[in-house]
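Chains as they are written, first to last, in our numbering: chain Z, 49 to 794; chain U, 7 to 106.
In structure tokens:
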């Protein structure tokens, strides 16, 4: 496994701009070597052209001394007003909670709901779940700190009203854990425990929701005892409330009217798009979230009358915390690069290598100069999709994946790193330690699987397209999804042709709008893949580096979004498939996702429509009926994930389906969104609907669209020294698309 | 429920000839059982030398790393698939396939 890791920020930069590299070593300090390279082709091995990189001479090239850098996964909220929480002799902690891991297995540990407990100082107070999953209160200092437990473990995914009333002067603590009624019959009863304690009032300290302070190392706050599950309406009161007072506070609408005894009552439904945690008391003890917990989630009183958190915020007063959430690893910058003025636009990597392990690739992008010449072709790097897949570990976890892959999953030692360093976080294809789906991913952490080696997927295959452009001698620029989201169509101005990658699956509204505007202005689009423009994503503006996805309602999903949580927390957008939101990919690209299979790819056969005069330019010099029965991605150009024409979903009526794939394997199954009722005969051996359509259509603005409908397509370009019918066909399209003569509508 | 007839070694030979589909419907039925069975279900390959060597491994629960079987290395994906097929066939049917 690699012994040195890193990440870059920003992700893309123009010549003259600066990129910082955060680099850390594993297993202690060690020397590492760094070099900047432009990536041209992936490590295809003997089946393809092989790894091609072009060194870029920079001052950071060379050997460096590296040290480990910490990653503290686990989300929480912190209220940095320590004086407000010190010296409390009588107080009450109260919240609604829905724990999701009780107890923690295989190694039980505490989970803090709220409190000031500091492990390094051995002092504070905390309402928590103990190692067994029972409600407990920890209060005091040092070895004399008192722990009182109900000794009644809670049930995972059930809502509770929990409280601890503390009177240190009288020497008593009362705990109450009351299961809330829901639609599942239960024998569980409320539990109340009162115990005598001897403890001093703890000193001032920051208050945490869902974690305890572990200490400060190197100026950096570290936390522990992270909570898994939801916390709703946490409240801290100045005296030991009676059961009747607790009940009154619990039943108040939303966070209720704070009274004079309220130290703080946090309204977790407020400002969900930000990191702010709002205190509704007059003390204004606001806090902030760390590591991007899931907000805009259903609260204890959600009654399913509303699905949109913006329309019923009083029912969305919870935050879902996970002990493996991660936003910004927060590493100290190790190397800084000012992109040389003469650096070509392209996909680049800082290649890191330390003795004892393989190299680690920190991929970044050099865009064209802000004000300067541009190529006429832009490769739009699918950075939203790369990020959605970043640190994908699902293949290494038990699952029936082989049944849909059609072969054994394959990983390499760099992938294994994720299982030894779980703090690196997962992808949006993974689930958290409590089983809930990962809906946030961050680029501000080392990412092991966006690289020119390993899995034939995403960037690995996309580099095959760049390699072909190089072989063609075709100048190109590289721009990114991230930049397209921010800058919109202006990013694409001046480009005659935009080429996507092989799998531009994740798209924000802003990105879709920009591509539509490009086409509307006469631009040309070559959609070089399959399963594109599929999921709606957002980039939370208040949390740079983060991507949000909610896998709502339908679709081919690694996990299913929690009911009532279909709306993005950052933007309020309805999550899920674009197909279910009036913007099916068919309207933009002429085709949409229909099937997937991962054992062996197939080929396309030309259709009668390929003889249409409108398509003549596509097949110039091509006599073959069979296209792409070769390639590095499953030995065919049509495979992995494939798209087809469908007028009912918006494929333009004048679309020419010039070739369609056939003879797919049993592993290729029609995707579930293509079936209203499950039916037999839906695999590639039986169903004609399982196919990739190669399509072309003219756009009213004078532009045009060419779509391959297959992730595997770009893996065929290099076959026989780039002399093959897929390369020829692609060249024909690119040449015509570069011709400024407008396309006329038929 | 469908069960594998251990006498149908012809289907095993079909898989050996072409481990990556398309498969005959009868072989696909066998694969559905073998890959869905609790026996040896959680296998994966770790590429231990790029393009040259793959090591069989077993996925582990609780987020633990896969367990590699260092003595089970293969110089092709086809050979690895065939080995996985053989051990699953024996685990599910109770009968070993004849030596290749």
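Glycine included, each C-beta is placed from N, C-alpha and C at the ideal position.
- Any Cβ of chain Z closer than 7 Å to the Cβ of residue 51/U would place that residue at the interface, and such an atom is present.
- Of all residues in the segment 66-96 of chain U, only 66, 67, 68, 69, 70, 71, 72, 83, 86, 87, 90 place a beta-carbon less than 8 Å from a beta-carbon of chain Z.
- A straight line joining the alpha-carbon of residue 470/Z with that of residue 175/Z spans about 27 Å.
- In the DSSP annotation of this structure, the continuous segment of the alpha helix (DSSP H) that includes residue 291/Z starts and ends at 291-299.
- When DSSP assignments are scanned along the segment 7-57 of chain U, the uninterrupted stretches of alpha helix (DSSP H) that are 4 or more residues long and fall wholly within it turn out to be 15-23, 31-42.
- Per DSSP, reduced to three states, the secondary structure at residue 592/Z is coil, with no helix or strand assignment.
- Contact with chain Z is absent for residue 45/U, since none of that chain's Cβ atoms lies less than 7 Å from the residue's Cβ.
- Annotated three-state conformation of residue 65/U is coil, per DSSP.
- Within the same chain, 567, 568, 569, 570 come within 7 Å of residue 749/Z by CB-CB distance, once the 5 residues on both sides are set aside.
- Looking at the backbone, the Cα of residue 157/Z and that of residue 199/Z are separated by about 15 Å.
- Taking a C-beta cut-off of 7 Å against chain U, the contacting residues of the segment 89-123 of chain Z are 91, 93, 94, listed in chain order.
- Scanning its chain for C-beta atoms nearer than 7 Å, with the 5 sequence neighbours on each side dropped, one finds around residue 282/Z the residues 143, 162, 257, 314, in chain order.
- If you check the CB distance, residue 578/Z and residue 601/Z do not come in under 7 Å.
- DSSP places residue 389/Z in no beta strand (DSSP E); its state is neither H nor E.
- When the alpha-carbon of residue 583/Z is set against those of 149/Z, 477/Z, 140/Z, the nearest one is in 477/Z.
- The contact set of residue 41/U on chain Z, defined by CB atoms closer than 8 Å, consists of 448, 450, 451 in chain order.
- Here the C-alpha atom of residue 653/Z lies approximately 46 Å from the C-alpha atom of residue 388/Z.
- Of the residues 397/Z, 523/Z, 518/Z, 432/Z, the one whose Cα lies closest to the Cα of residue 425/Z is 523/Z.
- At a cut-off of 7 Å between beta-carbon atoms, residue 8/U makes no contact with chain Z.
- A contact between stretches requires three or more CB pairs, one per stretch, nearer than 8 Å, and the segment 420-439 of chain Z meets this requirement with the segment 515-529 of chain Z.
- In the same chain as residue 127/Z, and ignoring 5 residues on each side of it, the C-beta atoms closer than 6 Å to its own belong to 255, 333, 335, in chain order.
- Closest in C-alpha terms to residue 186/Z, from the list 172/Z, 755/Z, 272/Z, comes 172/Z.
- At a cut-off of 3 residues, the continuous stretches assigned as beta strand (DSSP E) that sit fully inside the segment 346-412 of chain Z are 366-369, 381-386, 394-401.
- Neighbours of residue 714/Z in chain U, taken as residues whose beta carbon is under 7 Å from its own, are 27, 28, 29, 34 in chain order.
- Residue contact with chain U for residue 456/Z: present (Cβ-Cβ distance below 7 Å to some residue of chain U).
- Between residue 213/Z and residue 180/Z, the alpha-carbon positions lie close to 21 Å from each other.
- Residues 567 of the same chain have their beta carbon placed closer than 6 Å to that of residue 747/Z, with the five preceding and five following residues left out of the count.
- Not a single C-beta of chain U is nearer than 7 Å to the C-beta of residue 482/Z.
- Exclusion of the five residues before and after residue 467/Z leaves 441, 444 as the residues of its chain whose Cβ lies within less than 8 Å of its Cβ.
- Among the CB atoms of chain U, none fall inside 7 Å of the CB of residue 325/Z.
- Proximity to residue 150/Z across 640/Z, 201/Z, 558/Z peaks at 201/Z, based on C-alpha coordinates.
- Residues of the segment 491-523 of chain Z with a Cβ closer than 9 Å to any Cβ of chain U, in chain order: 501, 502.
- Scanning 28/U, 23/U, 71/U, 33/U for the CA closest to the CA of residue 14/U turns up 33/U.
- Within the same chain, 118 come within 8 Å of residue 265/Z by CB-CB distance, once the 5 residues on both sides are set aside.
- Contact check between the segment 400-411 of chain Z and the segment 363-381 of chain Z: fewer than three CB pairs, one atom from each, fall below 8 Å, which does not count as touching.
- Going by DSSP, residue 529/Z is part of the alpha helix (DSSP H) stretching over 529-535.
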